[in-house]
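In the working numbering, the protein residues as written are 399 to 838.
Okay, structure coming up:
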């Protein structure tokens, strides 16, 4: 399969597309995480990252995007205007930047990119660093009450980590991913994520196994972060159809509706967002806004049900089509848990495409033996060939075949099924591009 750069984007707007291509052409060799390049660039740009409203900074392997969605929903339900920077995009690069709640326009995006490239003056820089600098430039120039930053990769050396004093930081679930870059063990990965810790700033974390929690503390405590660990400073549980959240020193628990976002794991992401909002003092967020956020939060390609379009039309009557971008074994287990309890009961049919850099064998093993699977390519990316992926799955006890496209895979489903497209955010983006709806 043909390969694209580590991070890239295209646009139907010719001016924006030309600038995105120009940004990609200044790509550094491979993945070279460092803050030096973006710090140099931002200094030349008069440091827009130092002119931001209160920042909510979120790292993690799985769930950080959903946590950002809950943060945004709660802050906006409180009446606050919110900037948001996330990655990767699914269909359009504009999805990565929201200005006071609205996706950045092609014209605004192009103007910011042109300014960043002018200041960079042809120096080596990664595509993600260019987009981060453009986001900071736009955020500093557009009035808002808060900024939510999702870490792109790791944390310690991620280009979002140049903000010196966020209002609060948080770490979502941790799992093995990007091991070639972040290190071979969960301890390595935990240490990199903990690199977002700042002196005097609350660092809110999920509950991790003892060794992983120690790896986070080894980085965060010497930095002087105020650690707020789930199970110690706060906790949460699903009880009698509600999300019950409680801080250690509170006499009464907060009882909220369950998140509308599907999947039992979303209760954990919502709980982390609540803990982050409760830990910061910059903005007021009433309990009523937290209740609203449980229903308002949206995050495309996270167990997103597709109800119309050519893919839906191609499936047997009575089928259900679900889209998810999860791509590591931990995400696979969350998807398998969802599929086992989803209603109405339907046989599961996975449509799977995976990048060569991912643990595709581990992802496939997350599902029960005998699961029906159709493997597809991911256009424009270095992915495992569908035939090879199917052979591996069959050797592991699955019932797998291959198709040359997503539409062809839909046409191979021969009985009413719960069809789950998964394995890659890039594949999820391709599904939304071909079938809709385009994220807004």
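Note that CB positions come from ideal geometry on N, CA and C, so glycine has one too.
By the CB criterion at 8 Å, residue 538 and residue 446 fall inside the cutoff. Closest in C-alpha terms to residue 453, from the list 561, 828 and 761, comes 561. Here residue 653 is bridged, per DSSP, to 642. Under the three-pair Cβ rule at 8 Å, the stretch 473-480 counts as touching the stretch 489-504. The criterion of a C-beta distance shorter than 8 Å is not satisfied by residue 595 and residue 570. If you draw a straight line from the Cα of residue 706 to the Cα of residue 806, it comes to about 17 Å. According to the DSSP assignment, residue 776 belongs to no alpha helix (DSSP H), since it is labelled neither H nor E. When C-alpha distances from residue 695 are compared across 685, 671 and 747, the shortest belongs to 671. Residue burial annotation: residue 410 is exposed, with fewer than 16 other C-beta atoms found within 10 angstroms of its C-beta. Here residue 454 is bridged, per DSSP, to 546 and 566. Note: residue 483 is bridge-paired with 495 and 547 in the DSSP secondary-structure output. Taking all protein chains in view, the Cβ of residue 598 is surrounded by fewer than 16 other Cβ atoms within 10 Å, so the residue is classified as exposed. Residue state for residue 744 is assigned as coil, using DSSP reduced to three classes.
Note that the stretch 529-549 does not touch the stretch 623-642; fewer than 3 beta-carbon pairs, one per stretch, sit closer than 8 Å. Assignment of beta-bridge partners to residue 624 by DSSP yields 600. Contact between residue 753 and residue 781 holds: their C-beta atoms lie close to 5 Å from each other, under 8 Å. Nearest Cα to residue 722 within the set 831, 820 and 636: 820. Boundaries of the beta strand (DSSP E) around residue 816: 816-820. Take residue 555, set aside five residues on each side of it, and the residues of its chain with a beta-carbon closer than 8 Å to its own are 431, 432, 433, 590 and 593, in chain order. In the DSSP assignment, residue 682 falls outside any beta strand (DSSP E) and carries neither an H nor an E.
When only Cα atoms are considered, residue 607 and residue 757 end up about 22 Å apart.
Residue 495 counts as buried, since no fewer than 16 other beta carbons sit within 10 angstroms of its beta carbon.
Residue range 797-800 is occupied by the beta strand (DSSP E) that includes residue 799, with no alpha helix (DSSP H) assigned at that position. The three-state reading of DSSP puts residue 632 in strand, counting E and B together.
Short of 6 Å from the beta carbon of residue 745, and not among the five residues preceding or following it, lie these beta carbons of its own chain, in chain order: 815. According to the DSSP secondary-structure assignment, residue 637 is paired through a beta bridge with 640. Residue ranges of uninterrupted beta strand (DSSP E) with 3 or more members, entirely inside the stretch 688-769 and ordered along the chain, are 702-704, 718-721 and 746-750. Sequence-distant partners of residue 540 (beyond 5 residues in either direction) whose C-beta falls short of 8 Å from its own C-beta, in its chain, are 481, 497 and 498. Annotation: the continuous alpha helix (DSSP H) that includes residue 833 extends over 823-833. A distance below 8 Å separates the beta carbons of residue 674 and residue 566. Below 8 Å, enough C-beta pairs join the stretch 792-806 and the stretch 767-774 to call them touching: three or more. Put simply, the backbone Cα of residue 828 is about 34 Å away from that of residue 543. Within the model, the alpha-carbon separation for residue 612 versus residue 600 is close to 17 Å. If you draw a straight line from the Cα of residue 657 to the Cα of residue 639, it is about 10 Å long.
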